[in-house]
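Read the structure below first, then the notes.
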Amino acid sequence: MADLAAAGELEGLSRKEAKRLAADRVRERVVSLAEEVAAATAAGGHGFARVEAANGYVNVSFDANAMAARLIGEVLGQGAVYGTGAPLAEQVMIEHSQPNTHKAFHVGHLRNSCLGVSLSRILRAAGYAVRDANYIGDIGMHVVKCLWCYERFHKGQEPAAAEAKGRWLGEVYAESDARLNFRKDVVEFLLLLSTEDPTFVAAIDRMLKYLWRGSSQSEEMGQDVAYLLGRVAGAQPIKDEMLRDPGVMLKFWPIVGDQLRDEVANPKPYVPQDGVPEPTTTPEERLATWQRLAEPMDAWWPEVPAWREEVKETFARWERQDPAFVALWTETREWSLADFRRIFDELGAEFDVWFFESEVEDEGRRIVQDLLAKGIAEVSDGLPVVKIDEKLGLAEPTYRTLPILRSDGSTLYATKDLALTKRKFDEYGVDRAIWVVDVRQSLYFQQVFKTLELYGFEQAAQAHHLGYEMVRLPEGVISSRKGNVPVYDDIRDAVVARAQEIVEEKNAGLAPAAKAEVAWQVAIGSLKYAMLARDNNKVVTFDLDEALSFDGHAAPYIQYAHARACRILEHAGLEAEGLAAAAGGLDFGGELAAEELGLLQAVSALPEAVQQAAAEYRPLVIANYVFDLARRFNDFYHACPVLPSAEPTRTARLALTAATAQALRNGLGLLGIAAPAAM
RNA sequence: GCGCCUGUAGCUCAGGGGAUAGAGCGUUGGGUUGCGGACCCAAAGGCCGCAGGUUCGAUUCCUGCCAGGCGUACCA
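If you read the first sequence in the numbering used here, its first letter stands for residue 1, the second for the next number, and so on.
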């Protein structure tokens, strides 16, 4: 660059442009140097198969045929083991899936399970001694809420079929949530209107006048009207308990509805204003939300405070282990568990250990006492906490404070996780514990790990939280209250049905049983690939239409490449063993095609991909690998005829095809995806 | 405030100190007297968020900004 400056060529250029110019000049020089080096090397007779200069690089080639023969022999000889590493002594436990009983198994759990299953297989392949652990949330407020709702509104209504009960229970939970949060939802919606619907705010005065005139005009009513006016006009949150007259919202709601309908009928163009954020909703969406809340308004609004009291009583029944309640819990818990076992079976998730929250409460309380006795924990604001930063002598807020027991003595998630992790270390001799859990809990896990370190567990330093981002929908965040949670069963049904159509269309000649199996493998494979072919720390937007499309960068593309490879081998009538035996003497017949070289390179990369995926805890590495391998096989397949070519090329290409199929199978296996031989 | 994550083609995403930054979807135009067309080829589309720094070389590493998301003591 200095030379260019001296020559005055940088005159009037920005710094960035100057750098670009300099880089271009350097490249020109490098290209010519590379050519000289390549020519000199080739002339020198160094034994390379080929030496060439390309874009400033000197590429040397070895005897591809000999290397190919060795690689293919290795792959075919090792078979299903190809790609795996030497056994390692380290004991690893991966905790994943963690669904809650009495709740639905949804797409979020699906991402977790797919990640967990794949990571487990990858770590096993890399040589670790791995145990898969599940941790079922079978107690807690969600159970209490669900069972309250069941006893109060649905007792005896459960479906007769055993396999339908788990799902039904999840719906009861969703309803309990909707009921108990009904007032909250209503006032939050009013806040939303007052912050992003200027037309609504402008009309609030008139609406409340209308409410006032149409009412009994009590003192309470007057206060409520004034309260609502002040809050909406000032875009302040409304607290439902501040309303004196329990009937005021019931009378107000239809008036709100009239206003929102009017806004839909007479839309006003959106005018951006300073300091006013853009609306997140359209008038139609707001009316729809109003409508959803309007339906149960009269029946639910007045009841919510009483319901919340009932839930508290139900919680007390759990706390004192009321026998009737425990019996109900035991029975309903099994409904969910049966459902989970079925789902894990479908997903190919196998667990060596099943932990349950209900089993670690007591031990958790003992640990809390111990931590208090040792001075690691202290009672602050009435509850036991670990002030981690203080204990570590950190001035900046880093790990903050971890509460480890509620002030009423009931257990927290942390209470149980401390006990559970201790068990992993003490009973299972785990050297490295991995948690596959939502990324939003990462601070929490750092706190638990540090607390256990303070408690004396050195293994806690090796503990790893594999966080992953949430699954969203094209229309926004998943919310159980909005009722837009895509339940696993529904998604699976839709994807399997679509896969069946496609199999029927593409391969009508298949036997019916084979069709069903292929459709299943393609469907589940696509679902899994969609979950794995995206980095953990990226939000997955789950689009059902996209999941139903089996084109392009998706599992069927890879599965199809495998099926085609199998088909060629089938035509040839050669077994892998026979090809393996011939591998030593393989001869591609002269110079290898670029597609053959590319494919060989991809086949050979599996062991490295496994190691990388294991080191980084990233199934994505394998997802990418397997797609690249399939793409290269397609390139090869289109460029290099296998069966029609003459010997010895034919056998060599067949062996390469067999090795590719093996690598594809092994790679897909690491993702937990099936590799059908025909589809 | 503090901490973590994200920003790459119209969209969804890979990649990564070194060659002309890659896929899929979508758009346009092609390919079957070949081992199954769930495939392939071509075209078009990029200040790799912005600005500095380190380096022979940065889209990649470091720092600072900007934008979005998430977390931050009795939810799980």
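The beta-carbon is built from N, C-alpha and C at its ideal position, and this holds for glycine as well.
- For the pair Arg-423 and Glu-469, the CB atoms are not nearer than the 9 Å cut-off.
- Between the C-alpha atoms of Asn-266 and Asn-484 there is a straight-line separation of about 29 Å.
- Secondary-structure assignment with DSSP links Asp-438 through a beta bridge to Tyr-468.
- The straight-line gap separating the alpha-carbon atoms of Leu-664 and Phe-636 is approximately 15 Å.
- Distance from the CA of Lys-515 to the CA of Ile-72, rounded to the nearest whole angstrom, comes to 32 Å.
- In the three-state DSSP reduction, Gly-137 falls in the strand class (E or B).
- DSSP, read as helix, strand or coil, puts Ile-673 in coil.
- Look at Gln-321 here: in three-state DSSP terms it is coil, with no helix or strand label.
- Under the three-state reduction of DSSP, Glu-378 is assigned to strand.
- If you ignore the 5 residues before and after Asn-634, its C-beta comes within less than 8 Å of the C-beta of Ala-561, all in its own chain and listed in chain order.
- Exclusion of the five residues before and after Gly-467 leaves Val-439, Ser-442 as the residues of its chain whose Cβ lies within less than 6 Å of its Cβ.
- The Cβ atoms of Gly-669 and Ala-80 lie closer than 9 Å to each other.
- The beta carbons of Ile-404 and Val-368 sit about 5 Å from each other, so the pair counts as a contact at 8 Å.
- Taken through DSSP and simplified to helix, strand or coil, Ile-255 comes out as helix.
- Per DSSP, reduced to three states, the secondary structure at Arg-131 is strand.
- For Thr-281, the closest alpha carbon among the candidates Gln-321, Glu-357, Leu-228, Thr-195 is that of Thr-195.
- DSSP, read as helix, strand or coil, puts Gln-236 in coil.
- Leu-671 is a Cβ neighbour of Pro-619, given a cutoff of 9 Å.
- From the listed residues Thr-84, Leu-76, Arg-29, Ser-216, the smallest Cα separation to Tyr-57 is found for Arg-29.
- For Thr-401, the enclosing beta strand (DSSP E) starts and ends at 401 to 403.
- Separation of Phe-627 and Ala-661 (C-alpha to C-alpha, rounded to the nearest whole angstrom) is 13 Å.
- At a cut-off of 4 residues, the continuous stretches assigned as alpha helix (DSSP H) that sit fully inside the stretch 542 to 599 are 544 to 548, 555 to 572, 576 to 582.
- For Asn-100, the beta-bridge partners assigned by DSSP are Gly-137.
- Burial check for Arg-632: the Cβ neighbour count within 10 Å reaches 16 or more, so the residue is buried.
- In the structure shown, Glu-90 adopts coil according to DSSP, grouped into three states.
- Contact check between the stretch 429 to 436 and the stretch 85 to 105: three or more CB pairs, one atom from each, fall below 8 Å, which counts as touching.
- Three or more Cβ pairs closer than 8 Å define a contact, and the stretch 137 to 147 meets that threshold against the stretch 158 to 177.
- The Cβ-Cβ distance between Leu-600 and Leu-592 falls below 9 Å.
- Following the DSSP letters along the chain, one finds Ala-64 inside the alpha helix (DSSP H) bounded by residues 64 to 78.
- DSSP places Glu-475 outside both helix and strand once states are collapsed to three, so it counts as coil.
- Take Trp-354, set aside five residues on each side of it, and the residues of its chain with a beta-carbon closer than 6 Å to its own are Asn-134, in chain order.
- Assignment of Phe-189 by DSSP, reduced to helix, strand and coil, places it in the helix class.
- In the structure shown, Tyr-488 adopts helical secondary structure according to DSSP, grouped into three states.
- According to the DSSP assignment, Asn-59 belongs to the beta strand (DSSP E) that extends over 57 to 61.
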